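Student: Chains A and B supply the protein sequences, listed in that same order.
Quick note on numbering: the first sequence equals residues 1 to 289 in my numbering.
Quick note on numbering: the second sequence equals residues 290 to 625 in my numbering.
The beta carbon of each residue, even a glycine, is placed where N, CA and C say it ideally should be.
Because the structure is a prediction, the values reported are computed rather than measured.
Encoded as structure tokens, here's the structure I'll be asking about.
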Amino acid sequence: MFTAPILGQILVTGISLSAIYILVSLGFTLLFGIMRVVNFAHGAFAMLGGYALFYIYGEWEVPYLLAAPLAALTVAFGSLVLERLVFRWFYQKMFQSMIGLLGLDMAIMFTAVMIWEPHERLVPAPISTVFQVGPLFISGNKLVVIGVAAITLVAFYVFTHFTRYGLAMRATAQDVEMAEVQAVNTDRVYVLSFLIAIFMAALAGGFYAQTYVLSPFMGERVLMMAFIAVILGGMGSIPGVALGGLILGLSESFLGTFYGGTTSVFIIFGAVILLLIFRPWGLLGTPET
Amino acid sequence: MSTTTLSSSASRAASGLMSGASAFGVKAALALLLTVVFAGLPLVTTAQFTMSLGTTLMIMAIAAVSLHLIIRTGHVSLAHAAFMGLGAYAAVLGTTQFSLPFPLALLAAFLVPAAAALVLGPLLLRLSGKYFVLVTFLVGEIIRLVFVSWQSFTGGANGIFGIPLPYGFLESPVAYYYFVFAFTALSMAFVARLLQSEVGRSIDAIREENRLAECSGIPVLSVKVAIFVIACGMVGVAGALSAFFIRYIDPTSFSIIQSLNLVVMNIVGGMYQMAGAVIGVLFFVILPEFLRGYVELQRVIFGVCLVVVMAFLPGGIVQLVARLRQLVATRRGAEG
């Protein structure tokens, strides 16, 4: 059962899942860290990303490497309307944001049901080739997902650490008032972080819809996974998100293969609840004072 | 912190209500009015539609008011519908699988979710606001998954249908209406009395300032756990009443969406006033009746309501009323 080829297979699947989860939860944690907003509508944006990819790649057949970022960009810029109308009222109001954005989640989800009907669709895979490396069979799909996610994450790291706006973002995350005193335009930082967060969520949503299936309700599961990754790593901590997403993706792949999907959900949820009770600030977060 | 500002604005709204000379009188009058209307409704009409709407209203009122108890301690639970489901499944499986007599099955509907709450409460209620919301979200999902995956016992995703009524006389919609009425009246009276009592004041103190309450000698965690247990038991009974009313249960009726509905009712009505929960129920059970056949649109409207209320009026409809009253009062003051 635990032979090297099977474990290798699980590792590849796990990493491609991790890539999706890290992208989603990075955006989630960004919104929390900078705007103090708990974005319960994050899964809804991932779902919109799935539909965008469905049309741009599946229907209009734009080349995949162009279609994936284009779909995510469309969702991100389209969502600026929501930033203006909804999110702006909730910045720095953690509790209200949680409940209000739950409402937004419900509104987006059921608007999607009205537009696209509740039935499930398939987003075609970019490449159907399967590579054989020794005893391992690696689907090209997963490699594309891992590759695009890795590029995005590296770009994000470079942006936050080596550009002026990245510096402004980090300063705002640390202390809004001090950042403003240093002439950081926090409004602009908010819009920028919102764009980045939604872009990553929508990109991940496209991958997720490709890996599983596209439906208006797929956001719920994505949201739950983002929660779990963020809780595992610690809310607001970016290295924490990477660690949490990796643990989550690998354990889902491992437990799912050997013990079935339901058992894996029970075990993961149970473990997260225990962690929350004994160490609510997560593995790499810092306790609030 | 945001929670404190929120609750302090709500308490300002509350004091605004109180400043009206007869605030207590208004509430008593509202309670009396609702009692008379609901008790007398079958005398006016016994149409199937009215009876079933009335029964649904009353069942949801128990559920929403029990969630109100938890919210009053400063925690928003997203697992409340799951506890409702525990009660429903306990009562239905109690009568069908274990052939319990009906009163005992109703007792089980209270005890099973209450026991679950007693186990989970001491662990969950230590968490601060946002973590509590996240964990209850997961707990609710786990409970729903148990309903779905324990197929041999719960009927899985298909649920259980053709639930037999315990007594023949409950077949008549009017009889079942009064049966539920008794439970609702009892629950409302109990919650209202509890909130008026010293325990109620401790609850408000805990929400407003946790540590200060602890310093004043309130056993914070014990009070929170006790309230959580009572509330989950109550919603379990509501679940059982609804199961024997619809005579069908399935896991989707107790999902996160249903929990959210309960939260919506509480928040739109007014989070920190019992009247808020009651107004919320009236609003959100009657409103959908006008949107029948547009279930999705209904949900969208619910969602938008949540956004609007949270952004502009965190104290809900109750706060709006209080503001209007204040406005009228200052106008009068200016004239006089």
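Which runs of the beta strand (DSSP E) fall wholly inside the stretch 74-128 of chain A and span at least 3 residues, in chain order?
Tutor: With a minimum length of 3 residues, no continuous beta strand (DSSP E) run stays inside the stretch 74-128 of chain A.
Student: Examine chain A for any beta-carbon lying closer than 7 Å to the beta-carbon of alanine 497 (chain B), and answer yes or no.
Tutor: Counted from its first residue, the second sequence places residue 497 (chain B) at position 208. Reading off the sequence, residue 497 (chain B) comes out as glutamate, not alanine. Not one chain A Cβ lies under 7 Å of glutamate 497 (chain B).
Student: Please report whether the beta-carbon of proline 540 (chain B) lies at a distance below 7 Å from any beta-carbon of chain A.
Tutor: Taking the second sequence and counting its residues from 1, one reaches residue 540 (chain B) at position 251. It does not: the Cβ of proline 540 (chain B) has no partner Cβ on chain A nearer than 7 Å.
Student: Quick test of your reading: alanine 464 (chain B) and phenylalanine 472 (chain B), contact by CB under 8 Å. State the CB separation rounded to the nearest angstrom.
Tutor: In the second sequence, counting from the first residue as 1, residue 464 (chain B) sits at position 175. In the second sequence, counting from the first residue as 1, residue 472 (chain B) sits at position 183. Not a contact, Cβ separation roughly 13 Å.
Student: Which residue comes first and which comes last in the alpha helix (DSSP H) that contains leucine 203 (chain A)?
Tutor: As a first step, residue 203 (chain A) is located in the first sequence; it is residue number 203 there, counting from the start. Taken as a continuous stretch (DSSP letters only), the alpha helix (DSSP H) holding leucine 203 (chain A) covers 186-211.
Student: Is valine 596 (chain B) close to chain A, meaning its C-beta is less than 7 Å from at least one C-beta of that chain?
Tutor: In the second sequence, residue 596 (chain B) corresponds to position 307, counting from 1. True, the Cβ-Cβ gap to chain A drops below 7 Å.
Student: If the cut is a Cβ gap below 8 Å, which residues of chain A does alanine 600 (chain B) touch?
Tutor: Start at 1 with the first residue of the second sequence, and residue 600 (chain B) comes out as number 311. Residues of chain A passing the Cβ test: Val86, Trp89, Phe90, Gln96, Gly100.
Student: What does proline 280 (chain A) touch in chain B if you count any residue whose Cβ is under 8 Å from its own?
Tutor: For the purposes of this step, residue 280 (chain A) is taken as the residue at position 280 of the first sequence. Chain B residues near proline 280 (chain A): Leu416, Ser417, Tyr420.
Student: Which residue comes first and which comes last in the alpha helix (DSSP H) that contains isoleucine 359 (chain B)?
Tutor: One-based indexing of the second sequence puts residue 359 (chain B) at position 70. 337-361 is the span of the alpha helix (DSSP H), which, as asked, contains isoleucine 359 (chain B).
Student: Between leucine 322 (chain B) and glycine 605 (chain B), what straight-line distance do the alpha-carbon atoms span, to the nearest angstrom?
Tutor: Position 33 of the second sequence, counting from 1, holds the residue named residue 322 (chain B). Position 316 of the second sequence, counting from 1, holds the residue named residue 605 (chain B). If I take the Cα positions, the gap works out to 21 Å.
Student: Under three-state DSSP, which class holds serine 215 (chain A)?
Tutor: Locating residue 215 (chain A) in the first sequence gives position 215, where the first residue counts as 1. If DSSP states are grouped into helix, strand and coil, serine 215 (chain A) belongs with coil.
Student: If we require 4 or more residues per run, which alpha helix (DSSP H) segments fall completely within the stretch 439-478 of chain B?
Tutor: Taking only runs of at least 4 residues, the alpha helix (DSSP H) segments lying wholly in the stretch 439-478 of chain B are 440-443.
Student: What residues are listed by DSSP as bridge partners for serine 366 (chain B)?
Tutor: Numbered from its first residue, the second sequence carries residue 366 (chain B) at position 77. In DSSP, serine 366 (chain B) forms no bridge with anything.
Student: Threonine 262 (chain A) versus chain B: which residues are under 9 Å apart at the beta carbon?
Tutor: By 1-based counting over the first sequence, the position of residue 262 (chain A) is 262. Simply Leu434, Val437, Ser438.
Student: Which term fits alanine 317 (chain B), buried or exposed, when burial requires 16 or more other beta carbons within 10 angstroms of its beta carbon?
Tutor: Against the second sequence, residue 317 (chain B) aligns to sequence position 28. Answer is exposed; the Cβ neighbour count stays below 16.
Student: CB-CB under 7 Å to alanine 532 (chain B), same chain, minus the five flanking residues each way: which ones, in chain order?
Tutor: Within the second sequence, numbered from 1, the residue matching residue 532 (chain B) stands at position 243. The residues are Ala377, Ala380, Val381, Ile452, Ile538.
Student: Given that methionine 224 (chain A) touches chain B, what residues does it touch there, using C-beta distances under 8 Å?
Tutor: The residue you call residue 224 (chain A) lines up with position 224 of the first sequence. Simply Phe426, Leu427, Glu430.
Student: How would you call cysteine 594 (chain B), buried or exposed, if buried means at least 16 neighbouring beta carbons within 10 angstroms?
Tutor: Numbered from its first residue, the second sequence carries residue 594 (chain B) at position 305. So cysteine 594 (chain B) ends up on the buried side.
Student: Could you compute how far the alpha carbon of glutamine 485 (chain B) sits from the alpha carbon of alanine 478 (chain B)?
Tutor: The sequence position of residue 485 (chain B) within the second sequence is 196, counting from 1. The sequence position of residue 478 (chain B) within the second sequence is 189, counting from 1. Their Cα atoms are separated by approximately 11 Å.
Student: Assuming glycine 285 (chain A) and glycine 234 (chain A) form a contact by the criterion Cβ under 8 Å, report the distance between their Cβ atoms to the nearest whole angstrom.
Tutor: Your numbering for residue 285 (chain A) matches position 285 in the first sequence. Your numbering for residue 234 (chain A) matches position 234 in the first sequence. Between glycine 234 (chain A) and glycine 285 (chain A) the Cβ distance is about 2 Å, and since that is below 8 Å, they are a contact.
Student: Which first and last residues belong to the beta strand (DSSP E) in which leucine 26 (chain A) is found?
Tutor: As a position in the first sequence, residue 26 (chain A) is number 26, starting the count at 1. It is not in any beta strand (DSSP E) - leucine 26 (chain A) instead sits in the alpha helix (DSSP H) that spans 4-35.
Student: Could you run through the stretch 584-595 of chain B and flag, in chain order, every residue whose CB is less than 9 Å away from some CB of chain A?
Tutor: For the stretch 584-595 of chain B, which is checked against every Cβ of chain A, the residues closer than 9 Å are Val584, Glu585, Leu586, Gln587, Arg588, Val589, Ile590, Phe591, Gly592, Val593, Cys594, Leu595.
Student: Out of B:Arg490, B:Val524, B:Leu395, point me to the one whose CA is closest to proline 508 (chain B)'s CA.
Tutor: Residue numbering aside, residue 508 (chain B) sits at position 219 when the second sequence is read from its first letter. Selected option, being the one with the closest Cα: B:Arg490.
Student: Give me the chain A residues within the contact set of proline 603 (chain B), using Cβ-Cβ distance strictly less than 7 Å, ordered along the chain.
Tutor: Within the second sequence, residue 603 (chain B) is the residue found at index 314, counting from 1. Residues of chain A passing the Cβ test: Gln96.
Student: Compare the C-beta of threonine 111 (chain A) against all C-beta atoms of chain B and say whether one is closer than 7 Å.
Tutor: Locating residue 111 (chain A) in the first sequence gives position 111, where the first residue counts as 1. Judged by the 7 Å Cβ criterion, threonine 111 (chain A) is in contact with chain B.
Student: Just to confirm my understanding: we take leucine 330 (chain B), look at its own chain, exclude 5 residues before and 5 after, and list those with CB closer than 6 Å. What are they?
Tutor: For the purposes of this step, residue 330 (chain B) is taken as residue 41 along the second sequence, with counting starting at 1. So the qualifying residues of the chain are Gly343.
Student: Whose Cβ in chain E lies nearer than 8 Å to the Cβ of valine 272 (chain A)?
Tutor: Here chain E cannot be found, since the structure's protein chains are A and B.
Student: For leucine 423 (chain B), would you say it is in contact with chain A, using Cβ-to-Cβ distances shorter than 7 Å as the test?
Tutor: Mapped onto the second sequence, residue 423 (chain B) falls at position 134. Answer yes: the Cβ-Cβ gap between leucine 423 (chain B) and chain A drops below 7 Å somewhere.
Student: Are the C-beta atoms of isoleucine 277 (chain A) and some chain B residue less than 7 Å apart?
Tutor: As a first step, residue 277 (chain A) must be located in the first sequence, where it is residue number 277. By this cut-off, isoleucine 277 (chain A) is an interface position.
Student: When DSSP builds the beta bridges, which residues end up paired with glutamine 132 (chain A)?
Tutor: Against the first sequence, residue 132 (chain A) aligns to sequence position 132. DSSP, once it has assigned bridges, lists A:Phe137 as partnering glutamine 132 (chain A).
Student: Out of B:Gly528, B:Gly522, B:Ile492, B:Phe338, which one is the CA nearest neighbour of serine 511 (chain B)?
Tutor: The residue you call residue 511 (chain B) lines up with position 222 of the second sequence. Serine 511 (chain B) has its Cα closest to that of B:Ile492, out of B:Gly528, B:Gly522, B:Ile492, B:Phe338.
Student: Which chain A residues are close to isoleucine 556 (chain B), counting only those with a beta carbon under 7 Å from its beta carbon?
Tutor: Numbered from its first residue, the second sequence carries residue 556 (chain B) at position 267. Ordered by position in chain A, the residues that pass the 7 Å Cβ test against isoleucine 556 (chain B) are Ile99.
Student: Kindly give me the distance between the Cβ atoms of alanine 566 (chain B) and valine 354 (chain B), rounded to whole angstroms, as I take these residues to be in contact under 8 Å.
Tutor: As a working mapping, residue 566 (chain B) is identified with position 277 in the second sequence. As a working mapping, residue 354 (chain B) is identified with position 65 in the second sequence. So it is a contact: roughly 5 Å between Cβ atoms.
Student: Determine the burial state of arginine 621 (chain B): buried for a count of at least 16 other Cβ atoms within 10 Å of its Cβ, exposed for fewer.
Tutor: Along the second sequence, one-based indexing puts residue 621 (chain B) at 332. Answer is exposed; the Cβ neighbour count stays below 16.
Student: From the DSSP output, which residues share a beta bridge with isoleucine 538 (chain B)?
Tutor: Within the second sequence, the letter at position 249 stands for residue 538 (chain B). B:Ile449, per the DSSP bridge assignment.
Student: Just mark valine 607 (chain B) as buried or exposed, buried being the case when its beta carbon has 16 or more other beta carbons within 10 Å.
Tutor: Translated into the one-based positions of the second sequence, residue 607 (chain B) becomes position 318. With 16 or more other Cβ atoms within 10 Å, it is buried.
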